[in-house]
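Protein chains in written order, with our numbering: chain A, 265 to 494; chain B, 265 to 494; chain C, 265 to 494; chain D, 265 to 494. C-beta: ideal position from N, C-alpha, C; glycine also. A quick write-up on the structure given underneath.
Number of protein chains: 4
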Amino acid sequence: MVKVKMPIILVNFKTYAEATGENALKLAEMAEKVSDETGVCVGVIPQYVDIAIIAGKVNIPVFAQHIDPIPYGSFTGHVLPESVKYAGAVGTLINHSERRLKLADIDAAITRAREVKLISVVCTNNTLVSASAAALKPEMIAVEPPELIGTGVPVSKARPEVVTGTVEAVKKINPSVTVLCGAGISSGDDVAAAIRLGTEGVLVASGIVKARDPYKVMLEFAEAILKVQR
Amino acid sequence: MVKVKMPIILVNFKTYAEATGENALKLAEMAEKVSDETGVCVGVIPQYVDIAIIAGKVNIPVFAQHIDPIPYGSFTGHVLPESVKYAGAVGTLINHSERRLKLADIDAAITRAREVKLISVVCTNNTLVSASAAALKPEMIAVEPPELIGTGVPVSKARPEVVTGTVEAVKKINPSVTVLCGAGISSGDDVAAAIRLGTEGVLVASGIVKARDPYKVMLEFAEAILKVQR
Amino acid sequence: MVKVKMPIILVNFKTYAEATGENALKLAEMAEKVSDETGVCVGVIPQYVDIAIIAGKVNIPVFAQHIDPIPYGSFTGHVLPESVKYAGAVGTLINHSERRLKLADIDAAITRAREVKLISVVCTNNTLVSASAAALKPEMIAVEPPELIGTGVPVSKARPEVVTGTVEAVKKINPSVTVLCGAGISSGDDVAAAIRLGTEGVLVASGIVKARDPYKVMLEFAEAILKVQR
Amino acid sequence: MVKVKMPIILVNFKTYAEATGENALKLAEMAEKVSDETGVCVGVIPQYVDIAIIAGKVNIPVFAQHIDPIPYGSFTGHVLPESVKYAGAVGTLINHSERRLKLADIDAAITRAREVKLISVVCTNNTLVSASAAALKPEMIAVEPPELIGTGVPVSKARPEVVTGTVEAVKKINPSVTVLCGAGISSGDDVAAAIRLGTEGVLVASGIVKARDPYKVMLEFAEAILKVQR
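Here it is, written out as structure tokens:
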């Protein structure tokens, strides 16, 4: 099975044209290449319909963008955790800022993810909400101040206190939760800063997907991680 | 390309265990067999993650269970119409009773479906709402009284006035809209009754998916349609 | 009982500071003064908590900003139509662009409004959605292109075709529905233009509430209506 | 100003016919009588439109059933914290099981409540979610297993481990948060059990509102509290 190890670079494909259909597969293959060349774990988060094809062709972790906290049954149009797992995903985002969930549903989605052995990555918007999410015992928390998402202004430089505050608050409530950060991450420097602030990786979207050369940017990110680790 | 013709039997896979992953493909293959043997159009509506694999293997119409009224962009966890189309779907449900949408979003979803050449099937709960949906110019409307869904009590027998009322109200506002009905349909007789009431097909879920022998039930449905047409 | 007659000026208080608590009552009293002086019907749409006090003190129509399509029962935090009526409202907005509803819920809310004798004013965003709403048989439809709301660019001048198109589409489906328009209305001229395009009134918020002298603006609106009627 | 002190009996009026309009005021007056006679704090939670009238006539704490995490502005149909405060409420429920909120919105609603000096009572459905809510620093948490709400099967007897587990988990994360419990509470015994399990009060709805003699039931509840305290 595909291995997930820290630190990790998680690439959110959103519904970007550059990461849909054929492009999604190409991007996943670039991620795999970077992963192979550097040994740094790079995971991809494609749209639902692209999960099966991508997971079938690349040997890196594939995550879903969302799951619904539902069992088998009458839930037309919902995203069943079992289906996502069966398609080859190893984990899932929960509560991304573009797909916020009710508190009780985050709890239920984490439980369902655990039941089908999907890694749960709960997205949060600030330190307090990160602490709150930590109490629900997900495997990872990715803090992303919404106002920085897609701006190119990196959270790890513009709001370092959000990152360190989140690491501290989360670890205090539940030391086994892995903390990532995201929003505005677009250079190796931003990634290195994130790691130095105590996170174990980054969640990135436009910084990679909309780059002129996504392969080059992912490589820069991975090398920045290697350099920090040395 | 796969042809959609009326009358049609549309099979909603929901998130039933019997219609997830491997089972989804098997069920779609049975539907294809019935379609080949009888010449009656049978369409399948699998979960998002299963669309690509099913559409790649069977030669019958595949529909999505839902699309979001969004363009390419920052919409993590949403269902992009382009992706559904690219995966091989020819159409989509919109506003199923288990995935209701806001009025303005139904309008926008129908527009987006048209833009990417997906057939829009708007689900409605009564005659008045069907008339309302007809004004938005979808290609099909499937009326399903929610209280009968999954009961085995067929709308075409228990509430025939809902079906005839919907056909009349929809045609008055927009004669080019195709009307289907659903809820409780579980025998060939129920299907025949639906056609006689003026619909051009049925939307079925548990009646087929949870049947002991789904192939046999689909065959019975198709033969009932052939008999009514004679 | 308070009389609602056309043409009408409907003033949406939203949650503006200038229209909350004490300010809400003052604004309603100015509306009453304009109504008394000109004979033009001016209705106010305060926040829920302010309905009872305002309806108890002024002799003009008071509307709610929203109702939930619910009966008596276990609906904590919801807005019961009976309560709004009991507090003294004569009508209610339904589906305002800042409080969009699912299609089936708009249908149910109109039905509930009728049951408790509240006038239903369904807000819509374009011509097609207005036609769709008309099929649900509300008493009034207020079309407001969302992109113009709060801009000061009047729908009646910037998008006259939306207004005439809505009047035509609504009347074709249901001639007994009254059509209003809103968004960007801020002068007597804008109001006159709206009436000339075939509407029977306007729905206004910031143009009045945030004006330096709301009384003067309402007076200007009412006089513009009188002038057009002559 | 009205004083809130522990232990407290909080009576949720929901949208019950027995607690709407005139009935709401009568019920609040009974609560005041019980409070006066026993010295036990009894708070009422009427519908939005009834807050002002009730808070103006009784000298007991009045709570809102919900607030939206919004500031002054363009939020038609929403519940502005300032308005609720101005109408005389001293606090508000947040995230009741019939009005669940997204996690980030619970955080924002607690912050807004604090800003306008409303006591925040966050409702939760289990121990883990209670811990999660505690991290957001509300003033109170009311745990209510949804499956027991309205059943007459008291949480304090049927699921004591949920109550003690919640008290423990909440206090560990934030000792200054007051814990209440609710669901199925209908006798003085149930209330006494709740207090003995470590809560500082109960949240009740049908057990009081739908009782043949609500005054008598509230009196029984208050006396049970006095007896436990001795």
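Per-residue DSSP class, three states only, for residue i
i              : result
I449 (chain C) : coil
I309 (chain A) : strand
A475 (chain B) : coil
F485 (chain C) : helix
V466 (chain A) : strand
N276 (chain D) : strand
K381 (chain C) : coil
M404 (chain C) : strand
V304 (chain D) : coil
L367 (chain D) : helix
V492 (chain D) : helix
V441 (chain B) : coil
A283 (chain D) : helix
V434 (chain A) : helix
L416 (chain C) : Correcting the residue identity first, residue 416 (chain C) is Gly in this sequence and not Leu. In this structure, G416 (chain C) counts as coil in the three-state DSSP scheme.
CB contact flag (residue i, residue j, <8 Å)
i              : j              : result
I449 (chain D) : P478 (chain D) : no
E408 (chain C) : T442 (chain C) : no
A353 (chain D) : I315 (chain D) : yes
I437 (chain A) : A395 (chain A) : yes
E362 (chain A) : T340 (chain B) : yes
V426 (chain A) : A458 (chain A) : no
I370 (chain A) : L367 (chain D) : yes
A433 (chain C) : T391 (chain C) : yes
I489 (chain B) : P271 (chain B) : yes
K321 (chain B) : L291 (chain B) : no
Proximal residues to residue i (C-beta, below 8 Å), its chain only, five neighbours per side dropped
i              : result
I309 (chain D) : L274, V275, N276, F277, V326, F327, A328, Q329 and L357
M482 (chain A) : I273, V275, M294, A295, V298, V306 and I472
L400 (chain A) : I370, D371, I374 and V386
P424 (chain C) : A457 and L461
I331 (chain D) : V343, L344, P345, V348, T356, I358, A373, R376, A377 and L382
V431 (chain A) : V443, L461, G462 and T463
Y336 (chain C) : L344 and E346
Member of the options whose CA lies at the smallest distance from the CA of residue i
i              : options                           : result
F485 (chain B) : B:D453, B:A469, B:R460 and B:F339 : B:D453
K474 (chain A) : A:G416, A:V492, A:P439 and A:V427 : A:G416
V385 (chain C) : C:A457, C:T391 and C:V466         : C:V466
K421 (chain A) : A:L400, A:V455, A:P402 and A:L291 : A:V455
Y312 (chain D) : C:A351, C:S338, C:S470 and C:P402 : C:A351
I318 (chain A) : A:P333, A:P402, A:G285 and A:L382 : A:G285
T393 (chain B) : C:N390, C:A397 and C:L392         : According to the sequence displayed, residue 393 (chain B) carries Val and not Thr. Looking at the Cα atoms, C:A397 is the closest of the given residues.
A469 (chain B) : B:I413, B:I489 and B:A488         : B:I413
V268 (chain B) : B:C445, B:P333, B:E403 and B:K435 : B:E403
I334 (chain A) : B:Y280, B:G429, B:G462 and B:K480 : B:Y280
V283 (chain A) : B:K480, B:E379 and B:S338         : In the sequence as displayed, the identity of residue 283 (chain A) is Ala instead of Val. Minimum Cα distance to A283 (chain A) is reached at B:S338.
Burial state of residue i (16 or more Cβ within 10 Å)
i              : result
Q493 (chain B) : exposed
S440 (chain D) : exposed
K349 (chain A) : buried
E301 (chain B) : exposed
E346 (chain B) : buried
R376 (chain D) : buried
R460 (chain A) : exposed
V476 (chain B) : It should be noted that the sequence gives Arg, not Val, for residue 476 (chain B). Answer is exposed; the Cβ neighbour count stays below 16.
G446 (chain D) : buried
Heavy atom of the ligand GTP within 7 Å of residue i beta-carbon
i              : result
A372 (chain A) : This structure lacks the ligand GTP; in fact it carries no ligand of any kind.
Same chain, Cβ closer than 7 Å to residue i, neighbours up to 5 away in sequence not counted
i              : result
V266 (chain C) : N323, I324, P325 and V354
E487 (chain C) : T302 and G452
K249 (chain A) : A question about residue 249 (chain A) goes unanswered here, because the residues of chain A that appear run from 265 up to 494.
Contact set for residue i: own chain, Cβ-Cβ below 6 Å, skip 5 residues either direction
i              : result
V304 (chain A) : A486 and I489
H360 (chain A) : C387
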